[in-house]
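Peer 1:
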Amino acid sequence: MKVITILKKHPFDEFAADFVHLFEVNSRQKLTEETLGLWKELFGKWVAEYQPQETPYHIRIIWRWEYCSPMCDMNCAVFERRDLRGCGAVFAHDSRNEYLNMSVGCDHDVKLTETELAAGLFFEMTYYPPEKELPWKRKKES
């Protein structure tokens, strides 16, 4: 299944509790309602602006997001379809549309509900909080 399919299937409110859980566990900070509202707006904007973009990449989830840093790509990484070596961290991928068009695969021992998967994929995209400059804003979309 593609990232965009998962995110369209599960609107932000459906996975907000899972997203808050990931944020609070990984940052050891409480998520404010104001910041959660910013992420909800960002989610709606990104889904609405999505334009399909072909990609030679896919996402592999090796284990759950709790206690992992998206910056380290230790649990979820971008891979080329023809290669088993990771190409980098999801949060740093330079095209949001390409990322949203990537298929997602979980290792057989990774147990995630669909809303946990949606929350984790969005968590990867928002490693930088919405009030800061995001990777998507620094690079030109193709």
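Numbering (this note's numbering), first residue to last: 1071 to 1212.
All residues carry an ideal CB built from backbone N, CA and C; glycine is no exception.
Which value, in whole angstroms, describes the spacing of the CA atoms of V1073 and E1111?
Peer 2: Those two C-alpha atoms are separated by around 18 Å.
Peer 1: From V1095 to L1170, what distance separates their C-alpha atoms?
Peer 2: Going by the C-alpha atoms only, they are around 25 Å apart.
Peer 1: Helix, strand or coil for V1095 per DSSP?
Peer 2: Helix.
Peer 1: What residues in its chain sit with their C-beta under 7 Å from that of Y1120, if we drop five residues either side in the sequence?
Peer 2: If we look at Y1120 and ignore the five residues flanking it on each side, its Cβ neighbours are I1074, N1167 and L1170.
Peer 1: Can I1129 and D1177 be called in contact, C-beta distance under 8 Å?
Peer 2: The answer is no: Cβ separation not under 8 Å.
Peer 1: Only counting the same chain, and skipping five residues up and downstream in sequence, which positions put a Cβ closer than 8 Å to that of A1188?
Peer 2: Within the same chain, A1188 has close Cβ partners I1076, L1077, K1079, H1080, E1084, F1085 and D1088.
Peer 1: With a 10 Å radius around its C-beta and 16 neighbouring C-beta atoms as the bar for buried, classify E1203 as buried or exposed.
Peer 2: In this prediction, E1203 scores a pLDDT of 49, lower than 50, which makes its location untrustworthy; the coordinate-derived value is nonetheless stated afterwards. By the neighbour-count rule (16 or more Cβ atoms within 10 Å), E1203 is not buried but exposed.
Peer 1: Would you mind listing the alpha helix (DSSP H) stretches within the region 1097-1141 that are 4+ residues and don't spill past its ends, in chain order?
Peer 2: As far as the region 1097-1141 is concerned, its whole alpha helix (DSSP H) runs of at least 4 residues are 1103-1119.
Peer 1: Excluding sequence positions up to five away, which residues of its chain have a Cβ less than 6 Å from the Cβ of L1182?
Peer 2: Nothing listed; no residue qualifies.
Peer 1: By how many angstroms is the C-alpha of Q1123 removed from the C-alpha of F1113?
Peer 2: Their backbone Cα atoms lie some 18 Å apart in a straight line.
Peer 1: Tell me whether W1206 sits in a helix, a strand or coil according to DSSP, three-state version.
Peer 2: The predicted position of W1206 is uncertain, since its pLDDT is 41 and thus under 50; no value can be drawn from it.
Peer 1: Between the alpha carbons of A1147 and T1105, how many angstroms are there, rounded?
Peer 2: If I take the Cα positions, the gap works out to 26 Å.
Peer 1: Can you name, in chain order, every residue of its own chain whose Cβ lies under 7 Å from the Cβ of L1101, other than the five neighbours on each side?
Peer 2: Result list for L1101: V1090, F1093 and E1094, in chain order.
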